[in-house]
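Written out below as structure tokens is the structure these notes cover.
Numbering (our numbering), first residue to last: 137 to 673.
Below is the structure:
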């Protein structure tokens with residue numbers, strides 16, 4: 137791992153693993169494979185095509201797409217010519233995208249399909265720096281400034297022939313501290329800020345993460361968290377690729393379970409809500425089983441919880457407990473493992489707090505969930521749990537070369553090569569976030585436990601102060617509420633109020649199934665929520 141930039145990593149990895157499979161996507165109901173060498177050839181042509189448009193070092197090119205090989209290829213091509221990618225969530229509306237495009241000085245937007253292209257067409261004439269759209273779906277309409285993806289490839293082939301373009305030459309002037317990407321992150325007020333991450337920021341996290349957690353070339357990743365988010369991008373995109381692993385792109389968020397069964401991933405990067413849903417579905421199914429099966433299930437969970445005290449510390453249960461755990465695994469846990477593909481080594485969780493209850497449920501089946509912590513501004517990982525010791529209720533220990541100290545008010549401060557360059561065109565916000573000694577102020581409150589594992593207790597700005605002057609941390613309340621299978625989201629409110637209450641978004645799919653089973657007649661979701669039995673629930 138001698139590389140110091142993303143293009144350097146890409147060139148080294150594709151040379152070493154040219155014949156190994158890199159990416160898979162569903163096309164016509166079948167998984168289509170892209171080898172590392174094939175990806176390199178496409179990236180070369182696409183990068184040359186971008187260069188033929190006059191795009192160069194430090195220019196900005198946005199990617200507005202769901203996860204797919206062309207997202208990854210576009211990202212590597214942009215980095216290879218020294219330009220910076222601007223990631224855009226495909227779920228954003230046109231006005232939100234326009235702000236990002238204008239603020240970032242984006243010249244081209246790479247879109248996935250017609251609905252995404254249509255959003256850009258709504259404002260392209262009002263964004264003076266935006267020159268055009270590159271359409272992954274191969275829509276080609278020069279009159280409306282739309283260039284097809286394949287046409288960029290054709291331009292690249294000609295440019296290579298005419299100029300002798302190579303990825304090595306194109307990326308030779310890319311330096312570790314150069315801007316790699318702009319990722320816009322929302323604040324509590326105002327417009328989103330563009331987080332400037334360098335090649336060194338991401339590379340340091342890739343290298344440290346691969347050492348901290350045992351990712352390897354034989355692993356198979358299932359990618360479904362948005363690549364627009366730095367968590368999936370660093371872990372499921374750059375880290376997986378750097379090791380020569382295989383990455384399958386899920387067809388959609390709704391097909392995750394089906395895709396797991398098809399491909400048998402060894403590693404899945406996810407957020408707590410996915411684990412909560414799996415847990416709730418399993419428990420709900422068991423509740424409808426015959427009494428004897430329910431008894432066996434809960435016996436196995438009890439055995440598993442005892443075994444988990446050893447498993448979470450990298451030890452195997454032995455003796456009588458080991459014998460009972462083998463039986464529990466055969467009768468119950470093997471079926472749960474089969475539901476997630478049968479080959480899973482561990483889940484990696486981030487983005488939100490993981491409840492102890494959910495973590496322990498999976499640990500009892502010897503399916504580790506390794507929770508980590510970080511922010512967009514820290515590329516993102518600061519700490520992570522490890523297979524040899526993972527502790528629910530903590531976010532793990534520090535990764536290599538990253539420092540953390542706890543301020544007098546309990547705020548977590550971070551320093552290291554992973555800390556962002558700053559906020560794009562916003563020196564005031566940068567100065568507020570990174571102090572004169574180089575410490576990034578996370579805004580999170582936390583402490584270290586006896587094993588130097590970090591515990592996040594709350595957000596600095598989210599502490600509720602009731603009318604009676606009592607300080608209340610909302611996070612534990614919200615976690616407790618969302619542990620219910622009937623609740624999708626919860627927001628505790630209580631500032632300057634006599635008591636704390638919560639805004640709740642129900643999990644309508646589960647709630648409607650419950651209502652149907654209860655024989656509750658309702659015309660629409662509003663009438664369902666107004667029903668007295670739902671209130672009692």
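The beta carbon of each residue, even a glycine, is placed where N, CA and C say it ideally should be.
Distance CB(residue i)-CB(residue j) smaller than 8 angstroms
| i | j | result |
| --- | --- | --- |
| residue 658 | residue 642 | no |
| residue 382 | residue 356 | yes |
| residue 281 | residue 296 | no |
| residue 138 | residue 338 | no |
| residue 542 | residue 548 | yes |
| residue 195 | residue 243 | yes |
| residue 193 | residue 214 | no |
| residue 255 | residue 230 | yes |
| residue 303 | residue 147 | yes |
| residue 598 | residue 610 | yes |
| residue 627 | residue 614 | yes |
| residue 441 | residue 496 | yes |
| residue 566 | residue 312 | no |
| residue 208 | residue 245 | no |
| residue 580 | residue 596 | yes |
| residue 142 | residue 374 | yes |
| residue 175 | residue 150 | yes |
| residue 406 | residue 447 | no |
| residue 270 | residue 288 | yes |
| residue 396 | residue 494 | no |
Opposing strand residues paired with residue i [DSSP bridges]
| i | result |
| --- | --- |
| residue 577 | 549 |
| residue 539 | 551 |
| residue 533 | 520 |
| residue 625 | 641 |
| residue 590 | 584 |
| residue 514 | Paired residue(s): none; residue 514 is not in a bridge. |
| residue 332 | 318, 558 |
| residue 224 | 200 |
| residue 509 | 519 |
| residue 168 | 161 |
| residue 406 | 485 |
| residue 269 | 245, 282 |
| residue 358 | 384, 404 |
| residue 236 | Its beta-bridge partners do not exist; DSSP assigns none. |
| residue 525 | 522 |
Residue i classed as buried or exposed, judged by whether at least 16 other C-beta atoms fall within 10 angstroms
| i | result |
| --- | --- |
| residue 163 | exposed |
| residue 661 | exposed |
| residue 78 | The structure shown has nothing for residue 78, since the chain only spans 137 to 673. |
| residue 483 | buried |
| residue 358 | buried |
| residue 449 | exposed |
| residue 511 | buried |
| residue 369 | buried |
| residue 184 | buried |
| residue 371 | buried |
| residue 508 | buried |
| residue 522 | buried |
| residue 563 | exposed |
| residue 576 | buried |
| residue 637 | exposed |
| residue 278 | exposed |
| residue 221 | buried |
Other residues of its chain near residue i: CB distance less than 7 angstroms, five sequence neighbours each side excluded
| i | result |
| --- | --- |
| residue 537 | 340, 344, 552, 553 |
| residue 481 | 402, 403 |
| residue 669 | 654, 656 |
| residue 350 | 523 |
| residue 238 | 263 |
| residue 467 | 432, 436 |
Close-in-space but distant-in-sequence residues of the same chain around residue i (CB under 6 angstroms, 5 per side omitted)
| i | result |
| --- | --- |
| residue 527 | 589 |
| residue 366 | 319, 512, 516 |
| residue 498 | 505 |
| residue 384 | 160, 358, 399 |
| residue 206 | 272 |
| residue 416 | 621 |
| residue 594 | 581, 609, 611 |
| residue 439 | 460, 461, 464 |
Presumed contact (8 angstroms Cβ cut-off) between residue i and residue j, rounded CB distance
| i | j | result |
| --- | --- | --- |
| residue 335 | residue 318 | That belief does not hold up - the Cβ atoms of residue 335 and residue 318 are roughly 13 angstroms apart, past 8 angstroms. |
| residue 408 | residue 506 | That belief does not hold up - the Cβ atoms of residue 408 and residue 506 are roughly 12 angstroms apart, past 8 angstroms. |
| residue 156 | residue 380 | 6 angstroms |
| residue 292 | residue 181 | 4 angstroms |
| residue 469 | residue 436 | 7 angstroms |
Sequence-distant residues of the same chain with beta carbon closer than 8 angstroms to residue i, five excluded per side
| i | result |
| --- | --- |
| residue 252 | 200, 201, 226 |
| residue 472 | 418, 501, 503 |
| residue 625 | 618, 640, 641 |
| residue 602 | 608, 630, 631, 632, 633, 634, 635, 636 |
Test: residue i CB closer than 8 angstroms to a CB of chain B
| i | result |
| --- | --- |
| residue 156 | Looking at the structure shown, chain B is missing, and only one protein chain is on hand. |
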